[in-house]
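For reference, the structure is listed below as structure tokens.
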Amino acid sequence: MLTKRVFYKQTKRGNILKIVREHYLRDDIWCGSKACSSCKAKLKEKILDAEPKSKSTAVAEPHYLFLDTNAVLDQIDALEEPYLKNVVILQTVLEEVKHRSSTIYKRLKEIISDSKRNFYVFVNEHRRETYIEREPGESVNDRNDKAIRAAALWYQLHLSALNIKSVLLSDDVENRSKAAEMNITALSFNDYAEGTDSATLVERLSSKRWSELKGEDCTNVYPAHLTLSAIQAGIKAGTLVQGSFFASRDNCLEANVVTENNTIFIQGRASLNRAVDGDTVAVEILPKSEWRAPSNLVIQTEETDEINEDNDEEKQMTGKVVGILRRKWQQYCGILQISPVAGHTRHLFIPAKRQIPKVRIETRQGEKLANQRIVVVIDNWPRNSRYPQGHFVKALGKIGDKETENEVILLEHDIPSTNFSEAVYADLPPADWTITDEERSRRVDLRNICVCSVDPPGCTDIDDALHCFQLPNGNYEVGVHIADVSHFIRPDTAIDKEAALRANTVYLTDRRIDMVPDLLSSNLCSLRGGEERLAFSCVWELTPEATIVSTRFHKSVIKSKAALTYAEAQAIIDDNSNQSDIALSLRGLNKLAKILKKGRLEKGALVLASPEIRFHVDSETHEPLEVQTKQLLETNSMVEEFMLLANVSTAEKIYTEFPDCALLRRHPEPPSANFDPLIKAAKHQGFDIDIGSGLALSRSLDKAEKPSDRYFNIMLRILTTRCMLQAVYFTSGTLPFKDFHHYGLAIPLYTHFTSPIRRYSDVIVHRLLAVSIGADSTYPELLEKRKTENLCQNLNYRKRMAQYAGRASVALHTHLFFRNKVENEEGYILFVKKNALHILIPKFGLEGMVMLTSKDRNQPSPFQFNSNDNTQRAGDIIFHPFDRVIVQLSIDRSNVQHEKLRMLLVEPQVPGFSITSSGELLPLEEEITSYK
């Protein structure tokens, strides 16, 4: 059967188009019930149980469940509870969920694919009896609700002889009422769940249902948000601006909203107005007379609403949040703060992320969850609630357990870590894959060239290798060979979509979350020694002064002569008696790299620093045994220089060929205000920092040396790193060329080409480069700058999360390392706050706060803060940035809900205060150094 819809549409030019849409209807789409004999379906196509037992006292008869779209969107966590079975997912609902939330759609598809759950997709839009035409003037939502009711009714009539009822779950009162008029049992999700004997099902329900409950305080804590239409009108008129909300890590009453043109400072609970870290918000900029400066206070409790102190620092553009355009709520990990009221079921959830507020949830499992890490989702934040409301999702395990805390890291940083799907594995070549003669004939054969790789110890995903030899004319040929991952990952395949979603490999202390399956990352794409591999090569002719004479790119076949560690390569270079091809190649590379680096630094490239440490982990227990600071050798710099050169050469090539859609990487110049802490700290130490240009800054840092303190210059560079903005991916056609500049590298044009095994950005760059040299064909999405820009947003987000997850993993292993240990360690003050010292422990790459407030609130603090030079004074003791201190590190396990690393000041001792036998500096409160 065929239905037609004919309608007319006027184009921009005034022409009238006649549009005919055909819709095919069938009579042979089966219901999926094992009890049904009238549908001619094969047994394997029958999903729903023949005798569906009622799961809820709210419905006595055997039944199948039907859900409207909002029930799926709001209650996806409850749907993932294995308790619910025999659910019919209508095509109408599935398509609407796909349109409204790709994330929830993916989760729903995973539930459907679980054969134990008995979820059946019924194609109601193409069954003759269940297809519903949209009536004139009827909204899409009303038409879809009508289609859902029609399908539920058809099922009930279709299976009436078998006495199997249809039960519609909907939180829409009108939808339930209309279903009841059709003799369909219709319930709210909450009513159905309350009738089950599953405690977890009820608790996984969205807390939006709380609006039906009484007893809420009606006092408004926050201003009302503007309507969407008012926000849009305000943005159009210029009275409001839109931006991303970033909560302060140190002060729960402060945040910044980053717009296209400005960063707007937000201060005070009312001005924050229920925005949560990551939200897209609308902001009203306050009059200049009301602008404020950040307080320089560390405030991590929510006991106060406002900051009642003035800051002498330069005031910043200040605003207030007046509306939320898009929530970035996700699953949050943390612990439960049990209500002090006995028998109470509403408790506060404390997220591990400092930037996220406490969340009120309802659970009857309070005592059971008291020592567990749990996952909670925020559902809403009413004006009359001091905290957002949410619901319990699941328990991860005991607090402090290593596997539990690892899972917390992955969830908190939104790291996709599930096993690869069958569809992804289906896209892989066979395990015994070898290079075919046909493929070899299309490439440059470099198997006779002395190529080798240099990587950290234990590296199995080797994606780059190098070669170098002298030419007859005295110049050098140097090649960088990169794993040809794009040969195996073709556009729009399942493996390509998964790699694009993950965006990068995530490296934790004791494990690696691969972007692509192990068969590629550690085998077929890894440039292992002695094995033939497909590569994408960038080859230069360089003069002895490292000047580029020519550059060429080609697909190649290589056979690495050795897979070396940095230390092994350094030993070969230093052994002058070794005159092998590998040794000569490495020495040539090292010599040229030094010249290249010298040239970069002379142009203004910055040498920055960050505390990096490496744990030695027990091979069986995986517990950290010892820790050491990462040692850098000449060979580290050697590899880095040629990777940078390859990235620059590739950027120039793809931008020349694709000026509007090249995927590039830029590093914006920081605003001068960002450098204020650096300038003040250096000035106290007797050094002037010139931030007039990258070159001036670089030279200032080079001059700021203290022979008596070997760590001082490193500290200065660490602090400089904190002043920087994030480097980001972007599409060339979206910005003017002047904004392409990479400030840190002092390079006008840059991209990522050298790590396609672990970065999806490099896969796209490989595809662009392959098209530009005629080695591969293009495809539409590659040349659509809007799609590339959307991809860049995900790449930037995933890269940032991967970095944070890596740091959190180091912090976790530091905690594990300090169990049953108490050690005094050398530290340096990074920042001096009004009520805290921010201290770095170089040996562990660890940072924490020593709070300068009295435990006895009636006792005045002996510390006085001077904002002119960022110092704290207590008697004759003055604390400056970069001052050396001694702190005592230990684990405080007295609170079962929150094991914490305790950092106590040992030297210098504040007059009148001493360390007690219990290990506490009496008047000081130490900050918890979290796993974040």
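For the sequence shown, the residue numbers in full-length UniProt numbering are 1 to 932.
Heads up, the beta-carbon is just placed ideally off N, CA and C, and yes, glycines get one too.
For Q872, the enclosing beta strand (DSSP E) begins and ends at 871 to 874. Where P677 is concerned, the enclosing alpha helix (DSSP H) starts and stops at 676 to 684.
Annotation: the continuous alpha helix (DSSP H) that includes L272 extends over 269 to 272. Under the three-state reduction of DSSP, P670 is assigned to coil, being neither helix nor strand.
Within the same chain, N824, I886, V887, Q888, I915 come within 7 angstroms of V906 by CB-CB distance, once the 5 residues on both sides are set aside. For C723, the enclosing alpha helix (DSSP H) begins and ends at 712 to 723.
Around the beta carbon of W433, fewer than 16 other beta carbons lie within 10 angstroms, which makes this residue exposed.
Per DSSP, the beta bridge partners of A247 are A255.
The distance from the Cβ of V832 to that of T778 is about 55 angstroms, inconsistent with a contact at the 8 angstroms cut-off. Straight through space, the alpha carbons of S33 and D49 are spaced by roughly 6 angstroms. In the three-state reduction of the DSSP assignment, D401 falls in the coil class, being assigned neither a helical nor a strand state.
By the CB criterion at 8 angstroms, D660 and G733 fall inside the cutoff. Contact between L527 and A465 holds, with the beta-carbon distance rounding to 5 angstroms and staying under 8 angstroms. With respect to T263, E290 sits apart: the two C-beta atoms are not nearer than 8 angstroms. Here the alpha carbon of H684 sits roughly 10 angstroms from the alpha carbon of D883. Following the DSSP letters along the chain, one finds T185 inside the beta strand (DSSP E) bounded by residues 185 to 187. Rounded to whole angstroms, S417 and K398 show a C-alpha spacing of 20 angstroms.
Rounded to the nearest whole angstrom, the CA to CA distance from G692 to A255 is 28 angstroms. DSSP places P780 within a helical segment (H, G or I) once states are collapsed to three. By the neighbour-count definition (other C-beta atoms within 10 Å, threshold 16), F737 is an exposed residue. DSSP, reduced to helix, strand and coil, places P351 within a strand of the structure shown. At the C-beta level, A503 and L795 come within 8 angstroms of one another. Note on S550: under 16 other CB atoms within 10 angstroms of its CB, so exposed under the neighbour-count rule. No Cβ-Cβ contact shorter than 8 angstroms links F66 with A193. Collapsing the DSSP output to three states places S206 in coil. The beta-bridge partner set that DSSP reports for K799 is empty. Only exposed fits H23, as fewer than 16 other CB atoms lie within 10 angstroms of its CB.
The beta carbon of P456 sits closer than 8 angstroms to those of T565, Y566, all from its chain and outside the five residues before and after it, given in chain order. For Y387, there is no enclosing beta strand (DSSP E), as DSSP gives it neither H nor E. Bounds of the beta strand (DSSP E) holding M851 are 846 to 851. Excluding its 5 nearest sequence neighbours in each direction, R490 has C-beta neighbours in its own chain below 7 angstroms: D496, listed in chain order.
By the CB criterion at 8 angstroms, H391 and E96 fall outside the cutoff.
In this chain, W30 is not harboured by any beta strand (DSSP E), its DSSP state being neither H nor E.
Exclusion of the five residues before and after K787 leaves E781 as the residues of its chain whose Cβ lies within less than 6 angstroms of its Cβ. Y655: not part of any beta strand (DSSP E); member of the alpha helix (DSSP H) spanning 634 to 657, first to last residue. For the region 54 to 91, the continuous beta strand (DSSP E) assignments of 3+ residues that do not extend past its boundaries occur at 63 to 67, 87 to 90, in sequence order.
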